[in-house]
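Numbering (the working numbering), first residue to last: -13 to 311.
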């Protein structure tokens, strides 16, 4: 089964489709700090992202970080890959940069990485290629591409130091002034699980609480009218991102290649840093995504996701067999 067989690839030119497949296949392995082979895969993916960013002319930096904000209190280290497409205003206060992010590591000990988050990494690479290709335009503002390490916060075997929050993106945000060199951030767009498109009835197999209650009108409509099909991309933000979410959905509808793939806004009804019940709701509904690191720093950010494990599993088949993504 092709890694794109359940995604919106039907109207993509053959050459582009094969490129997407090649990248997704490149990211199908487990990439984790907690197993020797997974750690090697993670290191290889880090090098691959760095080299691909360099090949299209981005200014690339490997950001090494260490944190003790872990489940055990022991230190944990990682490496983010940062690629900057400099605009004409780079290095000045006029630069209003856009950040595009996805994560390198996979969940737990055994999970494979095509959709989570090879799909986001593939999007980073193809966007970087498109924005630096033959049809590129001269932009005023910079675009920053980031592949985050140690995004996943799910518990693994007892005794392992797992970050309490997505510490790769937190490290990036903590050091963002060095990256921007005088500029500001317009918005950060995080892509986490974006390739699982499924028109089968009940392929949107579940909605975690508080999604079922908080977004109950959508959930009920999705079930009654659309038969719980997993055919949409969730665009998630707070009231702070309301305009950005609406603009994204509008542009998505204008350029999409497959009419049945729809963007849906999920807006949390609060502003600023999530605390208390708002924080619990956000973390529980769509896991502790890298978006939270930006919200905690009062930086606008939206999350793009197919809802990941709340949708029927995406599978890929390789030469060694079939693996859950």
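The beta-carbon is built from N, C-alpha and C at its ideal position, and this holds for glycine as well.
Judged by DSSP in its simplified three-state form, residue 49 adopts strand.
Distances from the CA of residue 281 to each of 176, 77, 213, 229 were compared; the closest alpha carbon is that of 176.
As computed with DSSP, residue 177 is found in a beta bridge with 290. Residue 123 counts as exposed, since fewer than 16 other beta carbons sit within 10 angstroms of its beta carbon.
Shortest Cα-Cα distance from residue 96 to any of 107, 74, 132, 138 involves 138. As computed with DSSP, residue 243 is found in no beta bridge at all. DSSP places residue 69 within a strand segment (E or B) once states are collapsed to three. Here residue 131 is actually not in contact with residue 66; their C-beta atoms are around 11 Å apart, not less than 8 Å. Cβ contact annotation for residue 198 (same chain, cutoff 7 Å, sequence separation greater than five): 205, in chain order. Taken atom to atom, the span from the alpha-carbon of residue 261 to that of residue 117 is near 37 Å.
The three-state reading of DSSP puts residue 270 in helix, counting H, G and I together.
In the three-state reduction of the DSSP assignment, residue 159 falls in the helix class.
In this structure residue 171 is buried. Its beta-carbon is surrounded by 16 or more other beta-carbon atoms within 10 angstroms.
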